[in-house]
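Q: Residue numbers (the numbering used here): 16 to 363. Heads up, the beta-carbon is just placed ideally off N, CA and C, and yes, glycines get one too.
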Ligand code: NAD
Ligand code: UD1
């Protein structure tokens, strides 16, 4: 049985579907601070069976001990965490408390329960501003420009020293590039709170008419068209990488770092044109000043994961945008809306 922390969230819910479909038993631990119970109802609809659900916090040691006693858990996929960059600048302690201290509490409870396999959600943000592209795992980590990024780097360092201290640990640090897209059913996807920080959720809200235009943060970067370049990866490819990492952990072997990206960079303007192609609608945008803390470009060298995990991202940008667009049209108000009504409206 696999414990999935943060399993009601965007990436976690897709991972739970993949685990259930692979025949695993799953228990989700989530405090629902950035997600809703509805995502797991939809997960059950897709997978044909439901995961167990525990409503609670990764920082609650008593709860963790009970959970590990109650279920025959063999490994943990640890997605639970806070991820809003701006909020992390305003409230850094909350970010360190959840992302660093929460991960420590989880590992203490795991060790006491004799569970030593962990897949951790890290981020390409730990590389900071890399000078050369693509970024491989041997590239030095940099200085993340915000507390969110710092918390991911700190948690990585904690997990590395933990694995060095006790060879029973088998830990995968997965550095995500830019996860986008949704399950092809359109039933689960990204449901940001308030004004989206990330590019694709913002573009989708413009495309459905919830926002008038996209702000393009700078067109004077040293990139082919002057806008920021990122490595967007389909969330289904990303979770496939997690399943491969989990298989690999069962073989033992300390701590390993893998980039999960496609190896291809895409600019903001290329994203705008590609989404227009998928929706058949013009996407209004305005070029504004650069966003503080942004880097010009960032894309992965994914060959280590290809070699060691026999994993490769297979879905192209069009598939990412088509799946994201289907989710957005079926659920213009995220999990709060009525998907059946939206589906009927779309079909008519
Ligand atoms: P998300 O916010 O959709 O999911 C995180 C889940 O964790 C939510 O369901 C939330 O309710 C839960 N949670 C938060 N604090 C908790 C706590 N203390 N106890 C229990 N549950 C808690 O985010 P996501 O996009 O699915 O991201 C999952 C992980 O991947 C996060 O650790 C995030 O930092 C990391 N990550 C995400 C991205 C991205 O672009 N989405 C990129 C790199 C890394
Ligand atoms: C951001 C975070 C990063 C986090 C990642 C995933 C910052 C500075 N970085 O990365 O720490 O790990 O999300 O959650 O917030 N853009 C626009 N207009 C928008 C939004 C974005 O032009 O409204 C541009 C950005 O300038 C960037 C690109 O789109 O060039 C992608 O932005 P975003 O989706 O926020 O991801 P990152 O900046 O890579």
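Find out if the Cβ-Cβ distance for the pair residue 229, residue 300 is shorter than 8 angstroms.
A: Going by C-beta atoms, residue 229 is nearer than 8 angstroms to residue 300.
Q: Select from 296, 113, 86 the residue whose C-alpha is nearest the C-alpha of residue 73.
A: Of the listed residues, the one whose Cα sits closest to residue 73 is 113.
Q: Please state the DSSP three-state secondary structure of residue 151.
A: If DSSP states are grouped into helix, strand and coil, residue 151 belongs with coil.
Q: How far does the alpha helix (DSSP H) with residue 338 in it reach, from first residue to last?
A: Note, residue 338: alpha helix (DSSP H), 332-345.
Q: For the beta strand (DSSP E) that residue 241 lies in, which residues bound it at each end?
A: Per DSSP, residue 241 belongs to no beta strand (DSSP E) and is neither H nor E.
Q: What does a CB cutoff of less than 6 angstroms around residue 51 pick up in its chain, not counting 5 residues either side in sequence?
A: These residues qualify, in order along the chain: 350.
Q: Check the DSSP bridge columns for residue 186 and list the partner residues they point to.
A: The partner list for residue 186 (beta bridge, DSSP) reads 133, 270.
Q: Measure from the alpha carbon of residue 331 to the alpha carbon of each residue in 136, 247, 235, then state which is nearest.
A: The shortest Cα separation from residue 331 among 136, 247, 235 belongs to 247.
Q: In terms of DSSP beta bridges, what is residue 72 paired with?
A: Paired residue(s): none; residue 72 is not in a bridge.
Q: Pull up the distance between the alpha-carbon of residue 212 and that of residue 77, whole angstroms please.
A: Their Cα atoms are separated by approximately 34 angstroms.
Q: Applying the criterion that 16 or more other CB atoms from any shown protein chain within 10 Å of the CB defines a buried residue, is residue 181 buried or exposed?
A: Classification of residue 181: exposed, given that the 10 Å Cβ count is below 16.
Q: Which residue from 42, 117, 110 puts its Cα closest to that of residue 87?
A: Taking only the C-alpha atoms, the option nearest residue 87 is 42.
Q: How many whole angstroms separate the CB atoms of residue 139 and residue 315, which I take to be in contact at a CB cut-off of 8 angstroms?
A: That pair is a contact at about 7 angstroms.
Q: Say whether the region 234-247 touches the region 154-172, bearing in mind that this needs 3 or more beta-carbon pairs closer than 8 angstroms, one atom from each stretch.
A: At 8 angstroms Cβ cutoff, the stretches do not touch.
Q: Is the beta carbon of residue 219 closer than 8 angstroms to that of residue 358?
A: No, Cβ-Cβ distance for residue 358 and residue 219 is not below 8 angstroms.
Q: How would you label residue 206, buried or exposed, when you count the other beta carbons within 10 angstroms and need 16 or more for buried?
A: With 16 or more Cβ atoms within 10 Å of its Cβ, residue 206 is classed as buried.
Q: Does the beta-carbon of residue 292 have 16 or more other beta-carbons within 10 angstroms, so that it is buried, or is it exposed?
A: Answer is exposed; the Cβ neighbour count stays below 16.
Q: On the DSSP bridge assignment, give the partners of residue 226 in chain order.
A: None; residue 226 has no bridge partner.
Q: Considering only the alpha carbon of each residue, which of 198, 269, 268 lies closest to residue 252?
A: If we check each option's Cα against that of residue 252, 198 comes out closest.
Q: Can you have a look at residue 155 and say buried or exposed, based on whether 16 or more other CB atoms are within 10 angstroms of its CB?
A: Residue 155 is exposed by the Cβ-count criterion.
Q: Hey, how far is the Cα of residue 37 from the Cα of residue 16?
A: One C-alpha to the other measures close to 12 angstroms.
Q: List the whole-angstrom C-beta distance separating residue 141 from residue 159, where the pair is believed to meet the contact cut-off of C-beta under 8 angstroms.
A: Indeed, because the Cβ distance is near 6 angstroms, the residues count as touching under 8 angstroms.
Q: Straight-line CA distance for residue 121 to residue 131?
A: Looking at the two C-alpha atoms, the distance is approximately 11 angstroms.
Q: Assuming contact is defined by CB atoms lying nearer than 8 angstroms, are residue 250 and residue 308 in contact in what I supplied?
A: No.
Q: Can residue 141 be considered in contact with ligand 2, in the sense that its beta carbon sits closer than 7 angstroms to one or more heavy atoms?
A: No; taking the cut-off as 7 angstroms, the Cβ of residue 141 has no heavy atom of ligand 2 nearer than that.
Q: Any idea which residues DSSP pairs residue 85 with across the strands?
A: Answer is none; residue 85 lacks a bridge partner.
Q: Smallest Cα separation from residue 302: which of 276, 261, 242?
A: Among 276, 261, 242, the Cα nearest to that of residue 302 is on 242.
Q: Let me check you understand the geometry: is the CB of residue 45 closer than 7 angstroms to at least one non-hydrogen atom of ligand 1?
A: Yes, the beta carbon of residue 45 sits closer than 7 angstroms to at least one heavy atom of ligand 1.
Q: Only counting the same chain, and skipping five residues up and downstream in sequence, which positions put a Cβ closer than 8 angstroms to that of residue 268?
A: Closer than 8 angstroms at the Cβ level, and outside the excluded window around residue 268, lie 185.
Q: Leaving out the 5 sequence neighbours to the left and right, which residues in its chain are closer than 8 angstroms to residue 263 when beta-carbon positions are compared?
A: The answer, listed in chain order, is 187, 271, 323, 324.
Q: Does the separation of the CB atoms of residue 189 and residue 91 fall below 8 angstroms?
A: The answer is no: Cβ separation not under 8 angstroms.
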